[in-house]
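Just so we're aligned: the sequence shown equals residues 238 to 497 in my numbering.
Working notes, beginning with the structure itself.
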Amino acid sequence: MDLNIISNNDKNRLKSIIETAAHLGYSTVAINYVVEPQQKKQEIPKPQSVSDIFDKFPIVQGKSSSIKVLNRLTIIASDASHFRPTNEYKSFDLVAVYPKTEKLFHAACMTFDVDIICIAVAEKQPFHFKKAPVNGAIDRGGFFETCYAAAIRDTTMRRYTIANAISLMEVCKGKNIIVSSGAEKPLELRGPYDIANLGLVFSLSEGDAKAAVSTNCRAVLLHGETRATASGVVYTMKKPKTPQKQEESPVSKKAKTEFS
């Protein structure tokens, strides 16, 4: 999954990015609407209907199903007043915040009702990550996101992206991390296996690197679903009974985790 495809008024470009994502094997993408309240006249946009982009969604490479397209809102917050959940937030499948100060990072981890907390990629992280808020976010089911498209655009940004990611990994120990593209054009996308390898550069273990583009992303979607409910507390799933023989089958025969 890639949960950060930057929204674009050019529908043809956005369509091309999503088609590329499907060709690379991503089963789900999220169109990211980025809002910075500090800038004048920055209002919460109304997400466009995905049906306006495609008459028929592209088929995911290696699968028989079409790609799933979600909408995401990211608030760039430099003041506590910038993050104020309203009914407009409910129009989005996912809600993220990019806190610009240590105080806001602490608030995002401990109190904000968000699915994703973003870290800096285009600049040096302006503060050090601390265990208390990071572990608090993990305990609350929140996820941290680092993106790689900026690293493709500029060598300086590449250094910041890697350094900031490693700084976070030293504190979170690879838990609750997702790696997204933040792509603004098709050429900035990379395949899931390439991104899993990039995770190793970010000091993730092989298992955590794979989870950052697969199981952790699914957990983010689940968090978004429960957040959108009235209570957002309990999520139940009926699990079919497993025959005893199947339970006793060796681990080596179980299906491998999918990246997409």
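Glycine is no exception: its CB is placed at the ideal position from the N, C-alpha and C atoms.
{"query": "Beta carbon of Ser264 nearer than 9 angstroms to that of Lys300", "result": "yes"}
{"query": "Buried versus exposed, by CB contacts within 10 Å (16 or more), Tyr430", "result": "exposed"}
{"query": "First through last residue of the alpha helix (DSSP H) which encompasses Ser417", "result": "Note, Ser417: premise wrong, no alpha helix (DSSP H); beta strand (DSSP E) at Ile414 to Ser417."}
{"query": "Reference Ala357; option with closest CA among Phe349, Ile432 and Ala386", "result": "Ala386"}
{"query": "DSSP three-state assignment for Lys305, whether helix, strand or coil", "result": "strand"}
{"query": "Residue interval of the alpha helix (DSSP H) (run including Phe380)", "result": "It is not in any alpha helix (DSSP H) - Phe380 instead sits in the beta strand (DSSP E) that spans Phe380 to Cys384."}
{"query": "Minimum Cβ-Cβ distance from Gly262 to chain B less than 9 angstroms", "result": "Chain labels in this structure do not include chain B; a single protein chain is all it has."}
{"query": "Reduced DSSP category for Ala345 - H, G, I as helix; E, B as strand; rest coil", "result": "helix"}
{"query": "Touching by the beta-carbon criterion (3+ pairs, under 8 angstroms), the stretch 279-287 and the stretch 431-447", "result": "no"}
{"query": "Thr348 versus Val457: straight-line alpha-carbon distance, rounded", "result": "17 angstroms"}
{"query": "Beta-carbon spacing of Ala259, Gln298 below 9 angstroms", "result": "yes"}
{"query": "Among Glu273, Asp316, Asp247 and Gln362, nearest to Leu310 - alpha-carbon criterion", "result": "Glu273"}
{"query": "Where the beta strand (DSSP E) containing Ala333 begins and where it ends", "result": "Leu331 to Pro336"}
{"query": "Sub-9 angstroms separation of Lys361 and His343 beta-carbons", "result": "no"}
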